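Chemist: Before we start, here is the structure in question, set down as structure tokens.
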Amino acid sequence: MILHYIIPRVLDRDFFDENGKKIANKFGYLKNSILNNIDRLKNNELEWDEELGWFKDVEEDIEHEMW
494 MILHYIIPRV LDRDFFDENG KKIANKFGYL KNSILNNIDR LKNNELEWDE
544 ELGWFKDVEE DIEHEMW
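Using the working numbering, the letters of the sequence shown map in sequence onto residues 494 to 560.
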């Protein structure tokens, strides 16, 4: 489910991150994005939309935080 959340957003941005920088290390970006989303799910920061059967959209892109 997390991959289906991350990958379309990265593809829509043509492999640029949410800050507009080209993603040089795609594997590292994906790994960090997955881990960040797992943390957000554990902390109930992502909400499930029963009607859509998917996560509710949020104002900002949250799949990856720069480190």
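Glycine included, each C-beta is placed from N, C-alpha and C at the ideal position. A quick note: this is a predicted structure, and the numbers were derived from the prediction, not measured.
1) Specify the secondary structure class of F520 as computed by DSSP and reduced to three states.
2) Under a three-way DSSP split, which group does D510 fall into?
3) Straight-line CA distance for E543 to G513?
4) For K535, does the three-state DSSP call read helix, strand or coil?
5) Between E538, N537, N530, which has its C-alpha nearest I495's C-alpha?
6) Rounded to whole angstroms, what's the CA-CA distance from N537 to K549? Just pull it up for me.
Modeler: Considering the structure as presented:
1) F520 falls in the helix class under three-state DSSP.
2) coil
3) 32 Å
4) helix
5) N530
6) 12 Å
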